[in-house]
Structures are given as C-alpha cells and as structure tokens.
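Novice: Below you'll find the structure I mean.
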Amino acid sequence: MHRILRLAFIVIVAFGGGLQAFAQGLDELPPDIAAFYRGLDAEQPVAPSAYRDFKPRKGPPWTIGYASSYAGNTYRAAAMDRLMNKLLPAYKAAGLVSDVIVTQSNLNDATQIQQIRQLVDQGADAIILCCSNPVALNKAVEYAYKKGVLVVSWSGYLTSPYAINTSANYTDGGYQVAKQLIEEAGGEGNFLLVSGIPGAASSESFDNGARKALAEFPDAKLVGQVAGNWTDQIAQTEVQKWLATNSNDLAGIITQGAQENGVLKAVLQSGRKVMPMSQTGEAGAACYMKKNPDWLKYAFHMWPPADEMELGFNVLIRTLEGQGPKVQSVIRSVYRVSAADYTAKISNDCSFDDPSYVEPGIQDWFPSDRAAGYFLRPSDPLTWKPGN
Numbered sequence: 000m001h002r003i004l005r006l007a008f009i010v011i012v013a014f015g016g017g018l019q020a021f022a023q024g025l026d027e028l029p030p031d032i033a034a035f036y037r038g039l040d041a042e043q044p045v046a047p048s049a050y051r052d053f054k055p056r057k058g059p060p061w062t063i064g065y066a067s068s069y070a071g072n073t074y075r076a077a078a079m080d081r082l083m084n085k086l087l088p089a090y091k092a093a094g095l096v097s098d099v100i101v102t103q104s105n106l107n108d109a110t111q112i113q114q115i116r117q118l119v120d121q122g123a124d125a126i127i128l129c130c131s132n133p134v135a136l137n138k139a140v141e142y143a144y145k146k147g148v149l150v151v152s153w154s155g156y157l158t159s160p161y162a163i164n165t166s167a168n169y170t171d172g173g174y175q176v177a178k179q180l181i182e183e184a185g186g187e188g189n190f191l192l193v194s195g196i197p198g199a200a201s202s203e204s205f206d207n208g209a210r211k212a213l214a215e216f217p218d219a220k221l222v223g224q225v226a227g228n229w230t231d232q233i234a235q236t237e238v239q240k241w242l243a244t245n246s247n248d249l250a251g252i253i254t255q256g257a258q259e260n261g262v263l264k265a266v267l268q269s270g271r272k273v274m275p276m277s278q279t280g281e282a283g284a285a286c287y288m289k290k291n292p293d294w295l296k297y298a299f300h301m302w303p304p305a306d307e308m309e310l311g312f313n314v315l316i317r318t319l320e321g322q323g324p325k326v327q328s329v330i331r332s333v334y335r336v337s338a339a340d341y342t343a344k345i346s347n348d349c350s351f352d353d354p355s356y357v358e359p360g361i362q363d364w365f366p367s368d369r370a371a372g373y374f375l376r377p378s379d380p381l382t383w384k385p386g387n
C-alpha cells in the first residue's frame with residue numbers, strides 16, 4: 000500500500016504541474032550517483048531538499064548539537080570517537096565549528112524529542128542524530144527547521160521533509176548481504192535473521208532487503224528472527240537463547256552489523272559447527288574470518304560507523320555553508336569485498352573480542368569528488384570561506 004501511495008504521489012506531482020520540482024532532485028544527480036538509489040526503502044524521502052537555498056541563523060563558527068539516541072554499543076563509540084577526536088578539532092582549526100554539544104536519550108523517543116528542542120533553544124545552529132524511528136521525531140525536526148536550525152540524520156532516515164538523511168542504501172544492502180550468504184551456504188537450508196533495533200529505519204530497511212533475497216531461493220527458509228539491538232552482548236544472549244530452544248540445523252545466520260562478534264560467540268559457545276554468517280564490519284568476527292580462510296568468500300562495507308558519521312557531518316557542514324543539497328537523502332551504495340581484502344588490515348595476532356571496525360576510510364566511502372555531485376554549489380567544506 001505504501002508503495003502504491005508513493006507512486007500515486009509521483010503521478011499527481013507530475014500531472015499537477017510539479018514535475019519540474021520533482022526533477023530538481025534525483026534528475027540532477029550524476030548517473031553513477033543516481034544508481035545508488037535503486038532499490039531504496041520506499042518510505043525514504045527522495046524529493047528535492049528543503050535546504051537547497053538554506054542560510055544558517057549566523058555565520059561560522061557554528062555550534063553543532065549531537066542528539067544521540069544510544070551510546071551502549073561499539074558502533075556508536077566508534078562514531079563518537081571520529082566526531083570528537085577528528086572532526087571537531089579539524090573544523091575548529093578551520094574556524095567553522097565552535098563546539099559539539101552531545102545529548103543521549105537511551106532509545107527513548109520522547110527524551111530525544113525534548114533534547115532536540117532544547118538544543119535548538121540553547122542556540123545550536125545544526126543538529127545531527129542517528130538511527131532513529133523514521134517518524135517519531137518529525138515534529139521536533141519541524142520545530143528546528145522553523146527556528147532556522149538544520150537537522151541531519153546519519154545512518155538512517157527520517158520521513159520529515161525538513162531533515163537531510165545520509166547513509167548507504169540499507170534495503171539494497173540487506174538484499175545483497177543476504178543473497179551472498181545464502182549462495183555461500185549452497186542456496187538452501189534454514190536461516191536465522193538477527194535484526195538490529197526494531198523500529199529503527201536502518202534496521203527495518205536491512206530486514207526488508209534480506210527477506211527479498213530469501214524469497215528468491217525456494218529451498219532457503221527463514222526459521223527464526225531475534226533482535227540484537229546492534230549490541231554484542233544483547234545479540235549473544237538472544238542468539239544463545241534461540242540456539243538452546245531450537246534444534247533446527249542452520250545453514251547460515253544473516254546478521255546486521257555492530258553485533259557480529261556477539262553472534263559468533265553465541266555459536267562458538269553452543270558447540271555447533273560455525274555456519275556461514277554475514278560480515279559487515281566488526282573486527283572480532285573479521286579476525287575469525289582471517290584465521291579460518293575457508294569460512295566465507297566475501298564481506299561487505301555497509302555501515303562503517305566512523306565513516307558514516309563523517310559522511311553525515313560532511314553533509315551538515317556543506318549545507319551550513321550554503322552548498323545546497325539537491326535531494327533529501329544523500330545515499331551511497333554498499334559494496335562487496337573479498338575475504339582477503341576485507342581482512343587485510345587485521346593483524347595475525349588479532350582477537351575474536353576486538354570491538355573495533357573494519358572501515359574502508361572516508362576517502363573511499365565519501366570521496367570529495369563524489370560528494371560534490373550531491374550539491375548545487377560544491378566546495379571543499381574545510382577550506383570554504385564566507386562569501387565563497
């Protein structure tokens with residue numbers, strides 16, 4: 000029904016005289032970038048950005064609010080480290096950012112809404128947030144917009160027309176990751192799906208893509224689903240409980256990122272043979288991959304936490320500088336890498352407990368020449384000066 004309504008909306012826009020406005024968004028993107036949007040979650044906004052001609056409340060240096068929804072996993076810790084120890088010092092030195100104010104809502108939407116409004120009232124010029132429910136924060140985002148405050152969601156999306164969303168294409172990513180794993184498992188058998196945080200946009204998008212892949216294999220069956228909350232300890236506990244109460248042989252485990260270490264530990268402690276399981280970032284599981292080269296052929300770069308944070312922050316700064324994002328959602332593709340290339344950065348004396356991440360690096364994840372394609376008036380965000 001949602002897909003039908005979205006298609007109807009596009010038709011209405013076109014025949015109602017709004018075709019030019021719609022064409023201003025996706026049609027302005029270079030073809031290689033536009034390809035990243037194929038298979039995107041049907042609910043993710045792709046209309047022209049409300050910030051095409053945005054001007055902040057004042058000039059730099061700007062105060063940035065980080066309305067974080069959760070701090071209880073290694074993913075958020077890696078992102079926070081990049082924000083506070085690399086991005087903030089660099090943009091401070093450039094005279095563009097004065098401070099980053101951080102709040103934590105611990106997965107409570109009402110608290111996060113209140114914190115967003117407080118950041119606006121305290122003088123934040125822009126707010127960045129992560130991985131939230133796609134609709135719960137919309138009123139708070141509108142409040143910020145009406146006060147002249149930019150809101151950017153990284154590693155997930157909001158449906159508000161007043162937000163900019165930045166991430167990989169998680170629906171297509173879930174599809175690619177699941178399809179590859181099913182193929183590595185022989186195209187048949189029972190599979191367990193380990194989701195992230197139920198209700199979070201990126202978690203739901205991945206799961207939708209994974210189910211699409213499963214539907215393409217008649218002999219592959221989804222026999223269970225648990226929520227790992229993108230947290231190793233929770234994922235380990237939930238998978239252990241499932242394995243203890245289900246005698247099904249598993250051909251593979253399709254798991255989201257930020258919890259692969261926990262899923263692997265659960266299987267190792269169960270006494271079962273370690274079956275194929277998807278790999279999208281955690282270094283502990285990548286260590287197991289390195290020490291067992293026949294286990295998997297491929298892994299994926301899908302949601303590298305520090306690089307995803309930097310992508311979002313880059314878009315935020317560019318928008319404050321008046322560079323004019325073309326589309327509401329800045330999307331890039333996920334990509335597959337061989338096991339050898341994926342584990343190349345992992346040392347031979349690695350540990351299965353390593354909580355760090357295998358990341359491609361921002362020069363590959365969001366290079367400046369590609370970033371320019373998403374903006375009307377692109378410029379290097381660090382060297383930009385007022386009046387450029």
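In terms of numbering that gives the first Met the number 0, the sequence shown opens at residue 0 and continues consecutively. Ideal placement from N, C-alpha and C gives every residue a C-beta, glycine not left out.
Under a Cβ-count criterion, where at least 16 other Cβ atoms within 10 Å of its own Cβ denotes burial, should Asn-105 be classed as buried or exposed?
Specialist: Here residue 105 corresponds to residue number 106 of the sequence shown, with the count starting at 1. Asn-105 is exposed by the Cβ-count criterion.
Novice: What whole-angstrom Cβ distance do Thr-342 and Lys-296 have, given they're in contact under 8 Å?
Specialist: Residue numbering aside, residue 342 sits at position 343 when the sequence shown is read from its first letter. Residue numbering aside, residue 296 sits at position 297 when the sequence shown is read from its first letter. In fact, because the Cβ distance is near 12 Å, the residues do not count as touching under 8 Å.
Novice: Run through the segment 336 to 369 for me and flag every whole beta strand (DSSP E) of 3 or more residues, listed as ranges in chain order.
Specialist: Here no run is fully enclosed.
Novice: Inspect the beta-carbon positions of Trp-383 and Glu-281 and report whether they are closer than 8 Å.
Specialist: For the purposes of this step, residue 383 is taken as the residue at position 384 of the sequence shown. For the purposes of this step, residue 281 is taken as the residue at position 282 of the sequence shown. No, these two residues do not count as a Cβ contact at 8 Å.
Novice: Suppose contacts are defined by Cβ-Cβ distances below 8 Å. Is Ala-66 in contact with Leu-128 by that definition?
Specialist: Counted from its first residue, the sequence shown places residue 66 at position 67. Counted from its first residue, the sequence shown places residue 128 at position 129. Contact: yes.
Novice: Considering only their Cβ atoms, is the gap separating Tyr-334 from Phe-365 smaller than 8 Å?
Specialist: Start at 1 with the first residue of the sequence shown, and residue 365 comes out as number 366. Start at 1 with the first residue of the sequence shown, and residue 334 comes out as number 335. No; because the gap between Cβ atoms is not below 8 Å, this pair is not in contact.
Novice: Could you spell out where the alpha helix (DSSP H) holding Ser-269 opens and where it closes?
Specialist: The residue given as residue 269 occupies position 270 in the sequence shown. Here the alpha helix (DSSP H) through Ser-269 covers 259 to 269.
Novice: Would you mind sorting Asn-72 into buried or exposed? The rule is 16 or more other CB atoms within 10 Å of its CB.
Specialist: What you label residue 72 is simply residue 73 of the sequence shown in a count that begins at 1. With 16 or more Cβ atoms within 10 Å of its Cβ, Asn-72 is classed as buried.
Novice: Relative to the alpha-carbon of Ala-339, which residue among Gln-278, Asp-218, Tyr-90 and Ala-214 has its alpha-carbon at the smallest distance?
Specialist: What you label residue 339 is simply residue 340 of the sequence shown in a count that begins at 1. When only C-alpha atoms are compared, the closest one is Gln-278.
Novice: Along the chain, where does the alpha helix (DSSP H) containing Ala-226 start, and where does it finish?
Specialist: Here residue 226 is taken as the residue at index 227 of the sequence shown, counted from 1. Taken as a continuous stretch (DSSP letters only), Ala-226 belongs to no alpha helix (DSSP H), being part of the beta strand (DSSP E) at 219 to 226.
Novice: How about Ala-305 and Ala-70: are their beta carbons less than 8 Å apart?
Specialist: On the sequence shown, position 306 is the one that residue 305 refers to. On the sequence shown, position 71 is the one that residue 70 refers to. For Ala-305 and Ala-70, no; Cβs fall outside 8 Å.
Novice: What's the call for Ala-34, buried or exposed, on a 16-neighbour Cβ count within 10 Å?
Specialist: Along the sequence shown, one-based indexing puts residue 34 at 35. It is exposed - the Cβ of Ala-34 has fewer than 16 other Cβ atoms within 10 Å.
Novice: Run through DSSP, which three-state label would Phe-21 get?
Specialist: Along the sequence shown, one-based indexing puts residue 21 at 22. The predicted position of Phe-21 is uncertain, since its pLDDT is 48 and thus under 50; no value can be drawn from it.
Novice: Could you give the distance in angstroms between the alpha-carbon of Val-336 and the alpha-carbon of Tyr-142?
Specialist: Here residue 336 refers to the residue found at position 337 when the sequence shown is read from its first residue. Here residue 142 refers to the residue found at position 143 when the sequence shown is read from its first residue. Cα-Cα distance, rounded: 42 Å.
Novice: Reducing DSSP to helix, strand and coil, say where Thr-158 ends up.
Specialist: The residue you call residue 158 lines up with position 159 of the sequence shown. DSSP places Thr-158 in coil when its eight states are reduced to three.
Novice: Taking all protein chains shown into account, do 16 or more other C-beta atoms lie within 10 angstroms of the C-beta of Gly-386, making it buried, or fewer, making it exposed?
Specialist: On the sequence shown, position 387 is the one that residue 386 refers to. With fewer than 16 Cβ atoms within 10 Å of its Cβ, Gly-386 is classed as exposed.
Novice: Within this structure, are the beta carbons of Val-140 and Tyr-161 separated by less than 8 Å?
Specialist: Along the sequence shown, one-based indexing puts residue 140 at 141. Along the sequence shown, one-based indexing puts residue 161 at 162. Yes; because the gap between Cβ atoms is below 8 Å, this pair is in contact.
Novice: CB-CB under 8 Å to Asp-379, same chain, minus the five flanking residues each way: which ones, in chain order?
Specialist: For the purposes of this step, residue 379 is identified with residue 380 of the sequence shown, where counting begins at 1. Excluding sequence neighbours, Asp-379 sits near Ser-367.
Novice: Considering only C-alpha positions, which residue in the set Ser-159, Phe-190, Asn-168 and Gly-147 is nearest to Pro-55?
Specialist: As a first step, residue 55 must be located in the sequence shown, where it is residue number 56. Among Ser-159, Phe-190, Asn-168 and Gly-147, the Cα nearest to that of Pro-55 belongs to Gly-147.
Novice: Quick check on the burial criterion: 16 or more other C-beta atoms within 10 angstroms. Buried or exposed for Asn-245?
Specialist: Against the sequence shown, residue 245 aligns to sequence position 246. By the 10 Å Cβ count, Asn-245 comes out exposed.
Novice: Just to confirm the assignment, what range does the beta strand (DSSP E) spanning Tyr-142 have?
Specialist: Working through the sequence shown from its first residue, we reach residue 142 at position 143. Premise fails: Tyr-142 lies in the alpha helix (DSSP H), 137 to 145, not in any beta strand (DSSP E).
Novice: Cα separation between Pro-275 and Leu-87?
Specialist: The residue given as residue 275 occupies position 276 in the sequence shown. The residue given as residue 87 occupies position 88 in the sequence shown. Their backbone Cα atoms lie some 39 Å apart in a straight line.
Novice: For Pro-44, does the count of other Cβ atoms within 10 angstroms reach 16, so buried, or fall short, so exposed?
Specialist: As a position in the sequence shown, residue 44 is number 45, starting the count at 1. It counts as buried.
Novice: With a threshold of 16 other CB atoms inside 10 Å of the CB of Glu-187, please say whether the residue is buried or exposed.
Specialist: For the purposes of this step, residue 187 is taken as residue 188 along the sequence shown, with counting starting at 1. Its Cβ having fewer than 16 others within 10 Å, Glu-187 is exposed.
Novice: Look up Ile-32 in the DSSP assignment and say whether it is helix, strand or coil.
Specialist: The residue labelled residue 32 in the question sits at position 33 within the sequence shown. Residue state, collapsed to three classes: helix.
Novice: Just curious, the beta strand (DSSP E) that Asp-98 is in, first and last residue?
Specialist: Counting from one through the sequence shown, the residue named residue 98 turns up at place 99. Looking at the DSSP string, the run of the beta strand (DSSP E) that includes Asp-98 is 96 to 103.
Novice: Spatial neighbours of Ala-177 within its chain, please: C-beta separation below 6 Å, excluding the five flanking residues on both sides.
Specialist: To locate residue 177, count along the sequence shown from 1; it is residue 178. Same-chain partners within the cutoff: Ala-209, Ala-212 and Ile-253.
Novice: Hey, is the segment 221 to 231 in contact with the segment 193 to 203, meaning 3+ C-beta pairs nearer than 8 Å?
Specialist: Segments in contact, yes.
Novice: Cα-Cα, which of Ile-181, Ile-316, Leu-118 and Cys-286 is closest to Thr-165?
Specialist: Counting from 1 along the sequence shown, the entry for residue 165 is found at position 166. With distances taken between Cα atoms, Thr-165 lies closest to Ile-316.
Novice: So Arg-51 and Pro-324 are in contact, right, with Cβ under 8 Å, and what is the actual spacing, rounded?
Specialist: As a position in the sequence shown, residue 51 is number 52, starting the count at 1. As a position in the sequence shown, residue 324 is number 325, starting the count at 1. About 7 Å separates the two Cβ atoms, so the contact holds.
Novice: May I ask you to list the residues that DSSP assigns as paired with Pro-47?
Specialist: Sequence index remark: in the sequence shown, residue 47 carries index 48 (1-based). Answer is Val-326.
Novice: Tell me the rounded alpha-carbon separation between Val-326 and Val-262.
Specialist: Counting from 1 along the sequence shown, the entry for residue 326 is found at position 327. Counting from 1 along the sequence shown, the entry for residue 262 is found at position 263. If I take the Cα positions, the gap works out to 36 Å.
Novice: Under 8 Å, do Gly-283 and Ser-350 count as touching if we go by C-beta distance?
Specialist: Here residue 283 is taken as the residue at index 284 of the sequence shown, counted from 1. Here residue 350 is taken as the residue at index 351 of the sequence shown, counted from 1. A contact, by the Cβ cut-off of 8 Å.
Novice: Mind checking Gln-175: buried by the 16 CB within 10 Å criterion, or exposed?
Specialist: Within the sequence shown, residue 175 is the residue found at index 176, counting from 1. That one is buried.
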